[in-house]
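Visitor: Going by my numbering, the sequence shown opens with residue 132, and the numbers climb by one from there. Yeah, the Cβ is synthetic: ideal placement off N, Cα and C, and Gly gets one too.
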Amino acid sequence: MTRSSSRHVVRPELTARRADRHDLYQRSVQLPEQEIRFLEKVFGAHTGRRPLHLREDFCGTALLCAQWAKSRRDRTAIGLDIDGPTLDWGRAHNLPAIGAAAARVDLLEHDVLVPTRRKVEVIGAYNYSYQVFHERELLRRYFRAAHRSLTDDGLFVLDALGGFEATCARVERRRVAGGWTYIWEQERYDAVNAGFLCHISFEFRDGTALRRCFTYDWRHYSLSELRDVLLDAGFASVDAYWEGADASGRGGSGVFRRVTRAENEPVWNAYLVARKGPPLPGSRDAARRPASSA
Ligand SMILES: C[S@@+](CC[C@H](N)C(=O)[O-])C[C@H]1O[C@@H](n2cnc3c(N)ncnc32)[C@H](O)[C@@H]1O
């Protein structure tokens, strides 16, 4: 076989100059298959149906919207973000990759504080983005807007992080298979107001780096605070799902189980699932729950 007919493609080594920060971000931190599996599990348990209509809040490049629409021909997705250039990146890269399914994705430059008119069955807000709201009242307004945008049996799913190493100044480095190092930097954690300043950087094998190419000025919220604000905003109930450890005991397994108590760990990840209305009579979820907890 001649070199030109070989199927083996040699990719040039990734360097800071060649890299695209959105592509690196997606491949370092996003897990759309895991989010879809989880949404199917909790919505199926709640209603007995497969969820079809998703809104992704703080969608950024809308990778989840794209994978959702591609996963079934009858699925639609709306993505909301206030950053036009980031949405444009998603339109240019993630939508062409899913072919005809792209027609079922709407990406809107839209503040999540404003409800959308079209109601959806599930709203997902990932990578802790709601922590951009430093005032509890703003967070409540956001949750209220999400509540109003859901169908009567809709679910609102958010992820949360915590643990004693997640709420202090520290740096975490992780090698990613594509040939770079992902760096999560917690620059400052304020014990009085829970102000949490974090950055993402990437380093390459040739010694070049993209430093602090994403910055997050957040307020860290605990699971119990989030639950209280969700209930204040009108949700009927809120469940916590805790991620088990992987086989090594050092990382997350990607499997989340419903819990009512959990021991604090150095760093943990959880989902909160807020229900707009009670489980429908006859649903798998209604059958599992005592009537008083509906
Ligand atoms: C951490 S990124 C999340 C990207 C992606 N959803 C993920 O799971 O990795 C946060 C995004 O939230 C957007 N954002 C911040 N405030 C917003 C608001 N009030 N309404 C809509 N989007 C907002 C930012 O523009 C940014 O793209």
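At what residues does the alpha helix (DSSP H) containing GLU303 begin and finish?
Guide: The count along the sequence shown starts at 1 and reaches residue 303 at position 172. Here GLU303 belongs to no alpha helix (DSSP H); instead the beta strand (DSSP E) covers 301 to 307.
Visitor: Please say whether ARG389 and ASP370 have beta carbons closer to each other than 7 angstroms?
Guide: Position 239 of the sequence shown holds residue 370. Position 258 of the sequence shown holds residue 389. For ASP370 and ARG389, yes; Cβs fall inside 7 angstroms.
Visitor: Just verifying my parser: in three-state terms, what is the DSSP assignment at SER424?
Guide: Stepping through the sequence shown from its first residue, residue 424 is reached at position 293. In this predicted model, SER424 has a pLDDT of only 33, less than 50, meaning its place in the structure is not dependable enough to derive any value.
Visitor: DSSP three-state call for ILE167: helix, strand or coil?
Guide: Numbered from 1 along the sequence shown, position 36 holds the residue referred to as residue 167. Note: ILE167 maps to helix in three-state DSSP.
Visitor: Could you pull the DSSP bridge partners for ASP205 from this structure?
Guide: Position 74 of the sequence shown holds residue 205. In DSSP, ASP205 forms no bridge with anything.
Visitor: Can you tell me which of the three DSSP states GLU240 falls into?
Guide: Looking up residue 240 in the sequence shown gives position 109. Here GLU240 sits in strand by DSSP.
Visitor: Could you tell me the boundaries of the beta strand (DSSP E) in which PHE107 lies?
Guide: Past the boundaries of the shown model lies residue 107; the chain is included only from 132 to 425, so the question cannot be answered.
Visitor: Tell whether a beta-carbon distance below 7 angstroms holds between PRO163 and LEU183.
Guide: One-based indexing of the sequence shown puts residue 163 at position 32. One-based indexing of the sequence shown puts residue 183 at position 52. Taking 7 angstroms as the Cβ cut-off, PRO163 and LEU183 do not qualify as a contacting pair.
Visitor: What is the rounded straight-line gap between the Cα of ALA232 and the Cα of LEU238?
Guide: Counting from one through the sequence shown, the residue named residue 232 turns up at place 101. Counting from one through the sequence shown, the residue named residue 238 turns up at place 107. Each residue's Cα considered, the two are about 13 angstroms apart.
Visitor: What does a CB cutoff of less than 6 angstroms around LEU270 pick up in its chain, not counting 5 residues either side in sequence?
Guide: As a first step, residue 270 must be located in the sequence shown, where it is residue number 139. Cβ neighbours of LEU270 beyond the five flanking positions: PHE264 and VAL360.
Visitor: Which value, in whole angstroms, describes the spacing of the CA atoms of ASP284 and ALA405?
Guide: As a first step, residue 284 is located in the sequence shown; it is residue number 153 there, counting from the start. As a first step, residue 405 is located in the sequence shown; it is residue number 274 there, counting from the start. Straight-line Cα distance between these residues: approximately 11 angstroms.
Visitor: Give the straight-line distance between the Cα atoms of ILE213 and TYR257, rounded to the nearest whole angstrom.
Guide: Walking along the sequence shown from the start, residue 213 turns up at place 82. Walking along the sequence shown from the start, residue 257 turns up at place 126. Approximately 15 angstroms between the Cα atoms of the pair.
Visitor: Checking 7 angstroms against the spacing of the C-beta atoms, do VAL398 and GLU296 come in under that value?
Guide: Looking up residue 398 in the sequence shown gives position 267. Looking up residue 296 in the sequence shown gives position 165. It is a contact, given that the beta carbons lie within the stated cut-off.
Visitor: Considering Cα atoms alone, identify which of ARG204, GLY338 and CYS190 is closest to GLY215.
Guide: As a working note, residue 215 is residue 84 in the sequence shown. Nearest C-alpha to GLY215: CYS190.
Visitor: Considering only the beta carbon of each residue, do GLU187 and GLY221 sit closer than 7 angstroms?
Guide: Position 56 of the sequence shown, counting from 1, holds the residue named residue 187. Position 90 of the sequence shown, counting from 1, holds the residue named residue 221. Not closer than 7 angstroms, so no.
Visitor: ALA291 and LEU185 look like a contact to me (Cβ under 8 angstroms); what is the Cβ gap, rounded to whole Å?
Guide: Residue 291 sits at position 160 when you count from the first residue of the sequence shown. Residue 185 sits at position 54 when you count from the first residue of the sequence shown. The pair is not a contact, with the Cβ atoms about 19 angstroms apart (cut-off 8 angstroms).
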